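*Asks:*
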Amino acid sequence: MMNEIVDHFGRLDILVNNAGISANKKIEDTTSNDFETIMNLNVNAIFNMTKAVVPYMKEKNSGVILNTSSMVSIYGQPSGCGYPASKFAVNGLTKSLARELAKDNIRVNAVAPGIIYTDMMKDVPESIIEPLIKSIPLGRIGTAEDIANAFLFLASDMASYITGVILSVDGA
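Whatever position you read off the sequence shown (first residue = 1), add 1022 for the working numbering.
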């Protein structure tokens, strides 16, 4: 796949690892298979995609790798330990790869979204959303555009001296 991208566009400058799954099960209801499924997509896929692009970025001595983390990687959540654990691993990958790849002029950062208005949020009752909004200092739930703007900044030359950062985008 990477060869096809480089053949078509002539180069590979930016990788955004933005996929993930969660589960909201208590630990006693979470199977090893459930946990492994979350880790496979949320951590192993990032490792595999990053491993695939690094040779192309090293070849041109530049690149940007951006990962999607989550604020629950910092705070945890009341149930569903696999998701925050996987995002904590994403933070570790981000920080370690930033140090490893800096000598090759490859920057590695992550964006950690807080509560974001997505299709999943459309089904959440107002009685749950209102207290969430009250807990956010900026007084609103984030938008997909808020997250996209953070990725755009980190991918741009404006962030040329930033690597190994987990950028919180959570209204606080």
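Backbone N, C-alpha and C define an ideal beta-carbon position, used for all residues, glycine too. Since the model is a prediction, treat every value here as computed from it, not as a measurement.
Report the three-state DSSP secondary structure of Val1076 (helix, strand or coil).
*Replies:* Here Val1076 sits in helix by DSSP.
*Asks:* Alpha carbon to alpha carbon, how far is Ser1182 from Asn1066?
*Replies:* 27 Å
*Asks:* May I have the straight-line CA-CA distance separating Gly1085 from Glu1050, to the nearest angstrom?
*Replies:* Gly1085 and Glu1050: Cα-Cα distance of roughly 42 Å.
*Asks:* Checking 8 Å against the spacing of the C-beta atoms, do Phe1057 and Gly1104 come in under that value?
*Replies:* Yes; because the gap between Cβ atoms is below 8 Å, this pair is in contact.
*Asks:* Determine the direct distance from the alpha carbon of Ile1096 to that of Ser1044, and round the result to whole angstroms.
*Replies:* Pairing Ser1044 with Ile1096, the inter-Cα distance amounts to about 16 Å.
*Asks:* Relative to the C-alpha of Leu1154, which candidate in Gly1136, Val1187 and Ala1132 has its C-alpha closest?
*Replies:* Gly1136
*Asks:* The alpha helix (DSSP H) with Val1112 in it runs from where to where?
*Replies:* Gly1104 to Leu1123
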